[in-house]
Structure formats: C-alpha cells, structure tokens
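Encoded as structure tokens, the structure appears first; notes follow it.
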Amino acid sequence: MNFKDLCQARYSCRKYQNRPIEQEKMDYIRECVRLAPSAVNRQPWRFILVDESQPELFARVKETYHRDWINDVPAIILCMKVESECWTRRYDNKSHADIDLAIAIEHLCLAATEQGLATCWVCNFDINQFHDIVPMPEGMEPVALIPIGYPADELAPKVRKAMEEVWQ
Ligand SMILES: Cc1cc2nc3c(=O)[nH]c(=O)nc-3n(C[C@H](O)[C@H](O)[C@H](O)COP(=O)(O)O)c2cc1C
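Next up, the structure:
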C-alpha cells in the first residue's frame, strides 16, 4: 500500500469485531507511535491501552463518551499529554503538546490501518467526567480516546474540501 492508499484506507470506524489484536501488530503500532516527531523532541506523551483485561477501568473510560457505539469497542488507547514536558514557544507562550500528540496519534491511526485494523479519533468525551471517574497519573491530561480493533463496517466515501479550496 503506498502512502496515498493508506490515507484513503484510514477512516473513522464506529463498529468493531470482537476479535483480539495480535501482539505483533500492537508492538508494530507502538513503535510507529514512538517514532513520531515532536517539538524540540520533547515527546510529551503517554499512551495506555485499556480493554476487558481491566474491566472496571474500561467501563469508566467508555462512560465518558456518550455514544452507544463505544460500548462495543474491543479496546481503547488513552492518549495523554504531559504539559510539563512539552516545548512552549517563548514569543507567545504557546504549548505545542496538542500538536505533538496529534502527530503521534495519527501515526497510531495510520499504522493500525496498514495492519488491517481500524480506529476512530474521539475527542468529544466528557473531560470533566473523565477527571472525576478515571484515575490519571499525576501531570497527565487526556487528549483523545482511540478505539482500536478489527472493523465490522465498510469504508465510507471520503468527504473533503476541493483541492483548490485547500491549496491556494
Ligand atoms: C481531532 C479529532 C477529533 C475527533 N473526534 C471525534 C469524536 O469525538 N467522535 C467521533 O465519532 N469522531 C471524531 N472524529 C472523527 C472525524 O469526525 C472524522 O475524522 C471526519 O469526519 C473525517 O472522516 P474519516 O476519518 O472517516 O475520514 C474526530 C477526528 C479528529 C481528527
């Protein structure tokens, strides 16, 4: 698969098979995430895969995203930033943690797609509820929840702005 085909193949999957992910595939994805670039190479990120092996934690994480489809996902990767580790631009104090996380998370999604798996970015979870019910290590802030698994639906046609609108 060339890179454009990979970009076409990645989509937001909201229906998954109840099938475990092979360890080698997860290891491959983990390494692709680890190799992501970040501002001043600070790598201000941490990731935790949560699934039925930790049923109470898994249930709590799913509770923070108020959509029915999340109940049937086989696993969720918690993607967290560590603000104290990130690079901040001194001219305007802009933290680059969210940018760094976005790059690493998209590495995750593309690597998963290449391995025949599917993912979906989920940022619309209830952050206040998350802080109330999901134990987080000190200094970490969840940026996205990424369900991951074998897809049980089909790739939908891509809806995107026209080339001329995007590239000016
Ligand atoms: C930063 C970000 C946050 C997103 N949050 C959600 C979300 O909370 N729930 C959801 O169902 N999809 C979410 N999405 C998926 C987008 O809706 C999806 O990427 C977009 O509609 C394009 O569709 P595609 O991913 O299938 O190409 C998010 C995507 C991004 C990049």
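By numbering that gives the first Met the number 0, the letter at position 19 of the sequence shown is numbered 18, and the numbering carries on one by one without gaps.
For glycine and all other residues, C-beta sits at the position ideal for the given N, C-alpha and C.
Quick caveat, the model's predicted, so the values are computed rather than measured.
Using 10 angstroms around the beta-carbon of residue i, count the other beta-carbons present and answer buried if the total reaches 16, otherwise exposed.
i, result
"W166", "exposed"
"A58", "exposed"
"R9", "buried"
What is the residue span of the beta strand (DSSP E) that residue i lies within?
i, result
"E140", "139 to 148"
"M79", "74 to 81"
If you draw a straight line from the C-alpha of residue i to the C-alpha of residue j, how long is it?
i, j, result
"S83", "I126", "19 Å"
"P156", "Y15", "18 Å"
"E21", "A101", "25 Å"
"C78", "P43", "11 Å"
"N70", "Y64", "9 Å"
"C12", "L154", "8 Å"
Run the proximity test for residue i: is its beta-carbon closer than 7 Å to any non-hydrogen atom belonging to ligand 1?
i, result
"N92", "no"
"W166", "no"
"Y15", "no"
"A155", "yes"
"N70", "no"
"S11", "yes"
Could you please give the first and the last residue of the uninterrupted alpha helix (DSSP H) stretch that includes residue i?
i, result
"F129", "126 to 132"
"V32", "22 to 33"
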